[in-house]
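A.B. asks:
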Amino acid sequence: MDPLLDCPMNEVIRHMQIGLLCVQEDPMDRPCMSEVVIMLSGNTISLEAPSNPAFYLRRGGGSNSQIVSDDRSLQMSQNDISIAQLGAR
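Count along the sequence shown starting at 1, add 588, and that's the number in our numbering.
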């Protein structure tokens, strides 16, 4: 964690978990906005564990990456995929 941030680690982990709940693959598994506001406003609600992602990109030490999806994995070179980085405006 960035040493310049002045907040408890458990609060950072809680906010990350809330963010993961908001990006579940199935929209029915995502909390509604009123629930998110309640989750962010205090520690009174215990959070559900987010489900596993539909797919994720596993990076190895070499030039090839591996995409794992639904118990299947595909080998892809870096030329076959693109990764976008978001920046602030």
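Yeah, the Cβ is synthetic: ideal placement off N, Cα and C, and Gly gets one too.
Can you confirm whether the region 621-634 touches the region 600-608 when touching is taken to mean that 3 or more C-beta pairs between the two stretches lie within less than 8 Å?
C.D. replies: Touching, yes.
A.B. asks: Nearest by alpha-carbon distance to residue 633: which of 615, 622 and 672 is it?
C.D. replies: Comparing Cα positions, the closest option is 622.
A.B. asks: Return the Cβ separation of residue 610 and residue 624 in integer angstroms, given the expectation that the two are a contact with Cβ distance under 8 Å.
C.D. replies: Right, the Cβ-Cβ distance comes to about 6 Å (below 8 Å), so this counts as a contact.
A.B. asks: Using three-state DSSP, classify residue 617 as helix, strand or coil.
C.D. replies: Of the three classes helix, strand and coil, the one that applies to residue 617 here is helix, per DSSP.
A.B. asks: Is residue 605 helix, strand or coil by DSSP?
C.D. replies: Here residue 605 sits in helix by DSSP.
A.B. asks: CB-CB under 7 Å to residue 639, same chain, minus the five flanking residues each way: which ones, in chain order?
C.D. replies: Once the five neighbours on either side are set aside, the close Cβ partners of residue 639 are 612 and 617.
A.B. asks: Can you give me the C-alpha to C-alpha distance between residue 595 and residue 602, rounded to a whole angstrom?
C.D. replies: The alpha-carbon atoms of residue 595 and residue 602 are separated by roughly 12 Å.
A.B. asks: In this structure, does DSSP put residue 611 in helix, strand or coil?
C.D. replies: Coil, per DSSP.
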